[in-house]
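Below is one structure, written out as structure tokens, with a few remarks after it.
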Amino acid sequence: MLKKKKLKKKKKKKINLLNFNLIKMKDFVLKLGEKKFRAVQIMEWIYKKHCINFNKMSNLSNNLKKKLENTSIVKLPKYIKKKKSSDGTIKWNFLFKTEFIETVYIPEKKRATLCISSQAGCILKCGFCATGQLGYTRNLLVSEIISQIWFVINKLNQYKLKKLILPSVTNIVMMGMGEPLLNLKNIIIAIDIILGNYGFNFSKNKVTLSTSGIVPAINKIAGKIDISLAISLHAPNDHIRNMIMPINKIYNINLLLSSVKNYLSKSTANRGIVTIEYVMLLKINDSLHHAKELMHLLKDIPCKINLIPWNPIKNSHYQCSTHKRIINFSNYLKNKNLIVTIRKNRGSDINAACGQLISKKHVY
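Here the working numbering runs 55 ahead of the position in the sequence shown, where the first position is 1.
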């Protein structure tokens, strides 16, 4: 007789605790038969003390440590490579499952901004953006969004121990790969962890969500999430925006600006002002006529306009506006009493600047 093959018990997949905000962590410890305050202790170890080894969490009982070892894990991304720009910008390349993701650290003298990704690829196909050329693979999990921040903060702490002092992360911007508001469920939980007292505890004024204009999602989060909002507008009228940003064919500029007004009316993080991002494309959207159109378009929107010199990407017919055209465009708007800044070019020599994130393995 043939011997019956022994069926192997399938190992139960461990839960990544980086997926949990405080509410979900409390639910988790209750299911383990523990009291709610244990959730606070676990999150303090992970986010305040940067400890992900359960055995080193000294105020947890041995019984709880065993339960955590059997059921859960704090899993970080697989670190692939780091590139450093001549201007100090650092780009980290991570592997999540089978997808490569990029995260960018931009230091100033006494502060630093971390630009994080929310999706693998992007479905929106904006013509001036390298990520859009990749196409869309999937939404990142909460743990995959959060672990980008955890990794970089922990790495900076390690540098300090080696006396390689870099500014601490003071600002988080969701401007990396993907459209955050098309990953809304996970973004809401991630923001709660970023802002939470037992998470990273960032000020809501120091966290910015940048969106291409997913109108239903902007309306949905108004009054529920309060962080700084940046709108990737990039055009003064629907005709141009339709050409360079296909999402405008679904949610046009009027719908978008209406949702922005609604969000601002329920926000204190923005101090009543939204950031309008505007990429400067030579002879596409950068004439004084376009500046005049933009001025009229935004006359009822409390805003600051961030002009972004376009960063070159492969397989694109666009060119960056000349310095003179950018200055003329900026001066026209300033003379109309609008607040205007011109974004500094950071990290373009390592393809880490705005619109350049592509993160394919062969790039490295």
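The beta-carbon is built from N, C-alpha and C at its ideal position, and this holds for glycine as well.
Can you tell me where the beta strand (DSSP E) with residue i in it begins and where it stops?
i    : result
E157 : E154 to P162
I394 : I394 to I397
What span of residues does the alpha helix (DSSP H) with residue i cover, start to end?
i    : result
Q96  : F92 to M98
F381 : Per the sequence shown, residue 381 should be read as Ile rather than Phe. Residues H378 to N390.
A346 : L343 to L352
How about residue i and residue j: are their beta carbons less than 7 Å apart?
i    : j    : result
Q174 : N238 : yes
A324 : I282 : yes
N340 : A290 : yes
G231 : C181 : no
A407 : T225 : no
K240 : G278 : no
V228 : Y160 : no
I249 : F257 : yes
N303 : N297 : yes
L196 : E234 : no
I382 : I360 : no
I135 : N114 : no
S223 : N274 : no
With DSSP collapsed to three states, give me the class of residue i.
i    : result
I363 : strand
G176 : strand
T323 : coil
L77  : helix
V418 : Model confidence at V418 stands at a pLDDT of 42, short of 50, so the residue's coordinates are unreliable; what they give is reported in the following sentence. Residue state, collapsed to three classes: helix.
V224 : coil
I308 : helix
I413 : coil
I280 : strand
Using DSSP's beta-bridge definition, name the partner residues of residue i.
i    : result
T330 : A285 and K359
M229 : L264
W147 : K137 and T158
S127 : I70
N194 : Q174
A245 : A245 pairs with nothing; no bridge assigned.
M298 : DSSP lists no partner for M298.
T186 : Partner(s): none; T186 has no beta bridge.
L169 : Y160 and I227
L336 : C375
A290 : None, per the DSSP bridge assignment.
I405 : Answer by DSSP bridge pairing: none, since I405 is not bridged.
Mind checking whether the beta-carbon of residue i lies closer than 6 Å to any heavy atom of the ligand ZN?
i   : result
L72 : You won't find the ligand ZN in this model; it holds no ligand whatsoever.
Practice task
Please confirm if the segment 121 to 138 is in contact with the segment 95 to 109, defined as three or more CB-CB distances below 8 Å between the two stretches.
Solution key: yes
Exercise for the section: Count the C-beta pairs between the segment 242 to 255 and the segment 185 to 204 that are closer than 8 Å, then say yes if the count reaches three, no if not. Expected result: yes
Practice task
Inspect the CB distances between the segment 89 to 98 and the segment 112 to 128 and report whether three or more fall short of 8 Å.
Solution key: yes
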